[in-house]
Each structure stands twice: as C-alpha cells, then as structure tokens.
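For reference, each letter of the sequence shown is one residue, going 658 to 1465 in this note's numbering.
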Amino acid sequence: MKRYQIIFASMTLLASRVLLAQGPYLNGTLYDQNKEPVSFATVALIKLPDSTMVTGTMSDLDGQFSLTPDLTGKYYLQLSAIGYTNTLTPEFEITGSGFSKDFGSITLNEETTTLDEVVVKTWRPQLRAENGKVVMKVAGSSLAAGNTAYQMLAKAPGVSVSQNGDFQINGKDGVAVMIDDRLTYFSSEELKTLLENMPAENIENIEVITNPSAKYDAEGSAGILNITLKKNSLNGMNGNVYSGIKMGQQTLYNSGANLNYKKGKWNSFLNIDASQRGLVRDAFSYRTFPEVSTYSYYSQDGVQTSKGFVPSLKLGTDYTLNEKHSLGIMGNFMYQDRKQDWNLKSLGIMNNDTSVDIDAKNHMDESFGNTRINLHYTGKLDTLGTRISADIDYVRLQKESESQFRNQYLYSEDGSDPFEALSNQSNSDYDIYAARIDFSLPLSPTSTLETGVKASKVISNSKLQAYLGIGKGSTLDPDGSNDFQYEEKIFAGYVNYSNRINDTWNIQGGLRVEKTKGRGQSFNLNQTNNNNYLNLFPNVSVEQQVNDNYKLNYSFNRRITRPNYQLMNPFLFYLDPNTSIVGNPDIQPQISNIIKLGQTFFRKYNLILGYDYTKNFMAEEPSTDPITGKSTYTTNNLDYYKSYNATVIAPITLASFWQTNNNLSLTLQNYKMKMHNEIIDNNNFHFMAQTNHQINLPADFKLEVSATVNGPTINGIYNIDSQWWIDAGIERSFMDNKLNVSLRASDIFKSMDMTVDATYGGNYFNLKQYFWQQAISLNLRYSFDKGNKTEREVRKNSLEEINRVGGN
C-alpha cells in the first residue's frame, strides 16, 4: 500500500509544477489525401533567415505531433515522409515562453511519377520500426478486404500461430492482444472467436510491440499485438458500406456499414457488421505407447466443421466540453450463434493388445456474447502538453454450449454395448471491471514525466453438467460435472521518465508495480487455491543518433504472462474416450527479461538483436496411463526458455510503381524442462521470412502479393515443421475512388498445413492438420463523405485481464 501512496504523492507534487512550467508550444496533425493519418513523418523546425534545422520530432501513429522549443525568432516547419512530397508551412514568429500555435490539419501529397503518360502513385512502406515496436499498415491493403483481424494478426511481422491457435512472436508463446490499447482479456479460444468475427477492413494498423514502456500493462512476456482501428477525421457525415463473398471449402459472406458524424462539440460513430463465419479443419494424429505394451498405438483421423451467423455493433460519441476537456463513451456488442461438427475415426491397439475401432460423431450448438463499455475523459491542463486522462471499463463475456458425443465401438471383444452416448451443457461467464488514471507532465521542453494507477477485478464462473445419454433419457454424471469460480484483482502503478538530452541522446526509463490477488474455487472437488504475488517491472530505453543515417537503440524490459483462468481449474475435462485435459491450480506465472539492440540505417532499414530469458515458462505436458493407455494433457512450468534473436526490416523500392516490404526473423530457441523424471533440453534454429509486394498496374489497377516462409520451430517438447504460403489481391477504384472492388486469393497453393511431433517418456506423438485457408474472396466497398478534415482525439487505454479468461 505504501508504494501506491508514494505514487499518488508524486503525482500531487508534479501537478503543483504545472503552474511553473513555461515554454512555447507547437502542435498539429498530418493527413494524406485519403484522409488517413500520416505516421512517423519528420517534423523539422527551420530557423530563418539561414534555413537551419534547430529541432524536430516525428508524428505519432495518429499523425499528431507537438514541439516545445525554448526559442524565439522567425521559423517555419518542414514536413517530410517516405512516399510524400515535402511540405512547408508559412513562416511564423515565436515571441516568448507563452507562445503557442496549433497548425490544425495539414495534408501531405503523395509522390507521383510519370511513365509513358501514366501517372503512378508511390506506395507507402507497409512496415515501420519505431520506439520498440514494428507497425504494419493494414488500411489500403487489398489483402485486408474480406479478411478477419485474426488472419491479419497471423501475418504480422515475426508473428506465427502455434498448434493450439495461440499467437507467437519470434516463435515464443505469451503474447498479449490489444485493441486500441485495450487488452482483450480472453483465452486463446475466446480470443480467436472474437478476432475471427472482427472485419479487417476496419483496421488501420497492427503494432508488434516488443519493448513497451511502463505505461503499458506488464502482461505479455513475448510482447503485445495491438490492433489500431480506423478513426474518423471528417466534419459532417461520412462513412462506407461494404459486402463480400468468400468461396473455399465453405461459401461465406460478410457485410456491414461504418457511419461517422461530427458537428460542433459532438463526434459520433456507428459500426455495424453482419457476417457468416466458418471453419473447416482436417486433422490426423498418431500416438505410440511402448510403456503400455510391446506395441501399442492410437490414431485419429477427423474433420471439424463449423458455421455461424455473427452480428456485431460498435457505437460511441465524444463530447468536447471546451478546447481542453472532453468526455466520451463507447460500446461494443457482438453475438455469435454457431453449430459445430467434429467427426473422428479412431484406431489402435491399447493395453493387453486390445484393439480399438471407434467411430465418433460429435455435435455442438454454441452461443457467444461479448459486451464492452468504456467511459473516458481527457484533459489538457495547459498549452505545454500537460495531460490527464481517466478510463472506466466494463466487459461481459457469456458463452453457452450443448454438446453431444456419439461413439460407436466397431470392435468390442468383451461383448459390451458397442454404442455410447454422452452429452453436456456448459455455461461460462466473465465480468471484468477496470479503472485507470494517467498523468503526463512536461518537465522541460525536452523531458516528460508520466505516472498513473490502475485497478481491475475479474469474476469468472464456469459450470459443466455432464450426462450419460442424450436427450430425455439421460442421467446426470456427477463425476463428469464441474463448477468452478475464479476471482482476481490486480492493482498497478507506474512512473515513466523520458528526456531528449540533445540531438544525439534520447533516454526513457520507467518502473511498473503490479500486485495480483487470485482465488480459485472448485465446488464439486471442494478445493480452494490462492495466488498472491507482487512484481516489479523496470523498463529502460536509450536512443543514440550517431548521424543522419545511423541510429542505435539499447533497451531492457521485464514482463509477465499469467496463466489464463481455466488453466487453474483442477477438473478433468473429457475430449474423447482416450483423451482428457486437466487444469493445474499450482501453475505459476512466467517472467521474462528481455534485452534488445536496435539499429536503423538510412531512416528506413532496421536490424534488431535480442536476448530473452523466461523463467517458469508455461507449456503443455502430456502423460499416458501405463495401464489404460489413455492420455491426459495439463500445463506445467518448465525450468526456463531462452532465445537469441535477430530481426531485419527492409522496405525496398524496385521501381517507382513497385514497392516491397520485407521482414526476416532469426531465432536460436532453447527449452529446458524435467518431464517424467527425464531432463529434456530442446534446441532449434528458427527463421521466418515475409515479403509483401505492392504494384501499381495500368488502368489504375493495384496488385498486392504476399509470401511467407515459417521455418521449423519448437514449443516446449513439441517440434513444428516448416510452413509457407502465398496470398494475392488485386483491386480497382471507380466513381472518383468512391467504389472499391477487390479480388483476393489466400493460401494459393494450399501449403499452410501444420505438422507437429514430440517424444516424451518413451512415447511418440504426431499431429498433422490443415485449417482450410485456401479461398477466393470478392469484396465491394462504397465510401462517402460530406465534410472537411479535422483533428480527432484517439482514445487509448489498456486492459489485460481478458487475455486469460479460460483456456484450451
């Protein structure tokens, strides 16, 4: 408690300095001709009459910039960005410390080149590395049309998907996912459902953050994937309507509308989407158990299909009280109703050389609902950049399902009934409350101090009623039923300091404190477990501008990944007659210490070297009953995971009409663990190469081709074979760019299949699966606007508890 008192006292003392802070203040927002913010543009303050640069900055992800030069005299701003012509503002005179100037919205024009009487526009680089993050631009990509947020995240630089559907960065689990700087709070299963129902057309950027400051939640030991949604930048009414069809193993559709209205002090938006989402998965697994008998094995071959209707609604409004203070409210509502079939053919020889031949037909009816409410306030306390913001969030997740398991034993030696019918009803809900306050105080024209506090509470309830039989004749199975509740509170506070010492050195350092109090209770097992711990998370970043064409960045970061709530449920969950999953109430969070050295060449090429050491790494551990041959999967803490990694980002222009964005990740991986009284030391060299080509064709057509090679990787005891895939899209705009038509082909060569194997305790496991990604999509989008460009404040806050709402 004393730690938080110190933080609050510091905020009070710092606030008292606001009245003493002095200095000129310049600010504005940069947009392109399509009314989208221009990120990472160079803003240079040029002195007259000799036209020398005296200071500068870069625009942020929302195109906003600010300068606090402690100078007087006549100046102008020079604005530049790759893919745009240089823009100069009219000259102005800084008269003293009280001077301020808001440049409002400034439009940067795209560079153009004339080839044989054809005007070709220059593509902007799709990848940028800046301040501990890599930003992938999604807006304007033909590969985004008709796609989902999940599919776009899986194709972000250095990002891959494990055999369980979890995101990885540089081959490592423990990734936190955020939407507009709010963490999504879900387990991998619920998170995948949420992201698969989010249209990629509404995404502006995807940020891969590997060195977040202390202001961010410490959750995500591998890093953070942050989805930045498109924001309104026009007065009056504007928006778009879209529709599309996807043809592959299933025929699916998507449609929706985005409306924005800004007038006076009100800025409101409404997003509606009504789509059909589906999944087809082919899977084959093979297991051997030499410890059970001389020769025993168990193989499964199956097809999983699901399809459902997903309506979603997002709406909100901001109200500007005056030029310094604003209030707002936002709401997200999503519902999914789907049916899933999972048909399996199981063959094997188990204990005592007993043959197994099972034909299983499983069916599930499931509904999933998600409600998110946010209230926010932003205050600009002076013209020097002093800010205070507050956010209150409420999240409600509700999931209901009814499952039926029909197993036919085609080979029964003991004469028992060859037909087995089981069913269950599952209900789970999560209520999440979070509140935070952030305060930012410029200490000088070049230094800033940030501090803040956050509190969150999660209440999770999960009930499963299992039945012997299906329908009216079924009877309750108490041993297969479960009632589990988990409650968690996290209290956090942080201090972060940044200072641009001179033109060469820029430092940033912070400390975050998080106190976690968790309590899990299994009512049917009469078991209670408590998890209480306090953690410190330091963060340091030092930037050295060696010269105009070479920059270095040194950083250290400490982060955590907490187990999701269902992983701590000690109940044994039934998957099939020979496979179960059991939770681990004693599992501990994993802690990562990360060191990075970043280098930037010629302001656009990046080489990032890193070292990662993670203690108590959480990984899946299988075990086999030596008598029955049945397998049980749980999650335990390994001794450690460590890696040495290098990332290269290289945007290359092959021609004035041909822009490429290239990313290469190299990682030396090492997992060390004790499993079944055996020390396992799993090592691997992993590489991932991604290239994206954007080509302007004659007749205003645009072609985009993306190729990825994901080399062999490891995840705990599992070895995952290499994958590769190619996507392509072509688009054209009509009616003065109001109507956009795009055609996209994904996984053209059906090569995105996955093969996984592992050896443990003398047993062998192999899995081959393919989630049908091969498809062709046709999408149309009609845009309209009846307004003028204007600056709009972008809401950003952070929640992290949703990432752990349950488990696979």
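All C-beta atoms, glycine included, are put in the ideal place defined by N, C-alpha and C.
For residue i, three-class secondary structure by DSSP
i, result
"Asp1357", "helix"
"Glu1144", "strand"
"Asn1394", "coil"
"Thr746", "coil"
"Thr779", "At Thr779, the pLDDT of 46 sits below 50, so the modelled position is not reliable; the number obtained from the coordinates is stated separately. If DSSP states are grouped into helix, strand and coil, Thr779 belongs with coil."
"Glu853", "helix"
"Gln808", "helix"
"Gln1055", "strand"
"Lys1129", "helix"
"Thr770", "For Thr770, the predicted structure reports a pLDDT of 46, less than 50, and the residue's modelled location is therefore unreliable. A value from the coordinates is still provided. DSSP places Thr770 in strand when its eight states are reduced to three."
"Glu846", "helix"
"Asn1235", "coil"
"Leu984", "strand"
"Gly635", "What is shown of the chain runs 658 to 1465, which leaves residue 635 out entirely."
"Thr1447", "The predicted model places Thr1447 with a pLDDT of 41, which falls under 50 and marks its position as unreliable; any figure quoted below should be read in that light. Here Thr1447 sits in coil by DSSP."
"Gln1431", "coil"
"Asn1226", "coil"
"Asp830", "coil"
"Glu858", "helix"
"Asp1086", "strand"
"Asp1010", "helix"
"Leu784", "strand"
"Thr729", "coil"
"Lys1114", "strand"
"Thr1108", "strand"
"Ser1440", "strand"
"Val865", "strand"
"Gly1386", "strand"
"Glu1171", "strand"
"Lys1453", "Caution is warranted here: a pLDDT of 41 is assigned to Lys1453, below 50, making its placement in the model unreliable, and no coordinate value can be reported."
"Tyr873", "coil"
"Gly815", "coil"
"Thr1028", "strand"
"Ala678", "Any reading at Ala678 must be qualified, since the residue scores a pLDDT of 40, below 50, and its modelled position is unreliable; the value itself is stated next. Coil, per DSSP."
"Ser723", "strand"
Integer Cβ distance of residue i from residue j, believed to fall under 8 Å
i, j, result
"Tyr943", "Asp1014", "In fact, because the Cβ distance is near 15 Å, the residues do not count as touching under 8 Å."
"Asp1086", "Asn1118", "5 Å"
"Ile1265", "Ala1307", "Contact flag wrong, Cβ pair sits at about 12 Å."
"Gly1167", "Asn1153", "3 Å"
"Asp1016", "Asn1031", "The pair is not a contact, with the Cβ atoms about 49 Å apart (cut-off 8 Å)."
"Asn1376", "Asp1410", "Their Cβ separation, rounded to whole angstroms, is 15 Å, which puts Asn1376 and Asp1410 out of contact at 8 Å."
"Thr1292", "Met1275", "6 Å"
"Lys704", "Gly720", "Contact flag wrong, Cβ pair sits at about 25 Å."
"Thr699", "Gly713", "6 Å"
"Asn1084", "Leu1054", "Not confirmed; about 12 Å, so no contact."
Buried or exposed (CB count within 10 angstroms, at least 16 for buried), residue i
i, result
"Met1225", "buried"
"Ala1356", "exposed"
"Asp1338", "exposed"
"Phe966", "exposed"
"Met715", "exposed"
"Leu1295", "buried"
"Glu750", "exposed"
"Asn743", "exposed"
"Asn766", "exposed"
"Gly921", "exposed"
"Glu1145", "buried"
"Lys996", "exposed"
"Tyr1151", "buried"
"Phe697", "buried"
"Arg1260", "exposed"
"Asn1214", "buried"
"Pro1135", "exposed"
Distance cut-off 6 Å: residue i Cβ against heavy atoms of the ligand PLP
i, result
"Gln957", "Ligands in the displayed structure: none, and consequently the ligand PLP is not present."
Specify whether the segment 922-940 and the segment 968-978 touch according to this definition: at least 3 beta carbon pairs, one from each stretch, less than 8 Å apart. yes
Does the segment 865-881 come into contact with the segment 1247-1263, if we say contact requires no fewer than three beta-carbon pairs (one atom in each stretch) closer than 8 Å? yes
Are the segment 1093-1103 and the segment 1178-1198 touching, with three or more C-beta to C-beta distances below 8 Å? no
Which runs of the beta strand (DSSP E), 3 residues or longer, sit entirely within the segment 910-973? 923-945
Write down every uninterrupted run of the beta strand (DSSP E) in the segment 1277-1332 whose length is 3 residues or greater and which is fully enclosed by it, in chain order. 1288-1294, 1297-1312 and 1315-1332
Taking contact to mean 3 or more Cβ pairs, one atom from each stretch, closer than 8 Å, check whether the segment 1276-1291 and the segment 908-921 are in contact. no
Using 8 Å as the threshold, is the segment 853-864 in touch with the segment 796-811, meaning 3 or more CB pairs across them? yes
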